[in-house]
Amino acid sequence: MTHVAVVLAAGASRRLGQPKQGLRRDGETLLHRAARLAISTGAERILVVLGAYSGAMAASVADLAVECIDNDAWEEGLASSLRAAARALSDFGIEAPVLVLGCDQPALDAGHLRALLDGAARATSGCAATAHGDALGIPAVIAAAVWRKAEQLRGDRGFGAALKRLPAETVWRLHAPELEHDLDTPADLVAATARGWIDMP
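Using the UniProt record's numbering, read the sequence shown as starting at 1 and increasing by one per residue.
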């Protein structure tokens, strides 16, 4: 299945106190790692959405075959990055599913992304998402019919609500508890480091 990928990396990581995109696992920044994992899925086009620290973050993936785009409205939250990606992809065609991932899930690996793409290919909605308790979130595969609604998103919200409105049996769900561990606070960073997901400082 032809697909495109969007790597979300625009936030300022204010609660963490340092750019989470620049944290390292096995010597590789989390942003570089997320972009590399996206490439490994065979995506036809890969966008990295930047905002805060844009210059430094673009430099960190300069060796990869990705397109960096700036989200000037990044302080609004997640929705603004998805809208920026939708505008950048508007010339690609509306039938390609979109793999959406972030760089703040240090346990993310290629197997998660492959499972989501395979699940989406079998799902009647064409969508697959990661289960975070009762919520659906990223990484996720968003079918073209749902992706077209990106311009309607506002605030710090993504496609979770739209996916929940679909009949439950039509959305493939990835159950990966390790992906519920993200990097929002210093305590999250300590926990991730203890698990070996982040390099010791």
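Beta carbons: idealized from backbone N, C-alpha and C, even for Gly.
Cβ-based burial, residue i [other Cβ within 10 Å; buried from 16]
i: residue 187; result: exposed
i: residue 20; result: buried
i: residue 200; result: exposed
i: residue 63; result: exposed
i: residue 90; result: exposed
i: residue 123; result: buried
i: residue 55; result: exposed
Supposed close pair residue i, residue j - CB separation, criterion 8 Å
i: residue 78; j: residue 156; result: 5 Å
i: residue 120; j: residue 97; result: 6 Å
i: residue 138; j: residue 158; result: 7 Å
i: residue 101; j: residue 34; result: 6 Å
i: residue 7; j: residue 38; result: 6 Å
i: residue 140; j: residue 117; result: Contact flag wrong, Cβ pair sits at about 11 Å.
i: residue 31; j: residue 57; result: 6 Å
i: residue 83; j: residue 180; result: About 26 Å; that fails the 8 Å criterion.
i: residue 136; j: residue 113; result: Residue 136 to residue 113, Cβ: 16 Å. No contact.
i: residue 60; j: residue 41; result: Rounded, the Cβ-Cβ distance is 20 Å, inconsistent with contact.
i: residue 45; j: residue 4; result: 5 Å
Backbone secondary structure at residue i - three-state DSSP
i: residue 100; result: strand
i: residue 45; result: strand
i: residue 181; result: coil
i: residue 39; result: helix
i: residue 132; result: strand
i: residue 248; result: Outside the shown range of the chain, which is 1 to 201, sits residue 248, and nothing can be said about it.
i: residue 165; result: helix
i: residue 70; result: strand
i: residue 154; result: coil
i: residue 113; result: helix
i: residue 61; result: coil
i: residue 55; result: helix
Residues near residue i in its chain [Cβ-Cβ closer than 7 Å; skip 5 each side]
i: residue 178; result: 107
i: residue 16; result: 183, 184, 185, 186, 189
i: residue 195; result: none
i: residue 25; result: 33, 106, 197, 198, 199
i: residue 149; result: 162
Proximal residues to residue i (C-beta, below 6 Å), its chain only, five neighbours per side dropped
i: residue 147; result: 98
i: residue 81; result: 8, 10, 49, 71
i: residue 73; result: 80
i: residue 104; result: 20, 182, 183
i: residue 95; result: 144
Below-7 Å beta-carbon distance, residue i vs any chain D residue
i: residue 74; result: The displayed structure is made up of one protein chain only, and chain D is not part of it.
Other residues of its chain near residue i: CB distance less than 8 Å, five sequence neighbours each side excluded
i: residue 191; result: 181
Between the segment 171–178 and the segment 117–137, do at least 3 Cβ pairs fall closer than 8 Å?
-> At 8 Å Cβ cutoff, the stretches touch.
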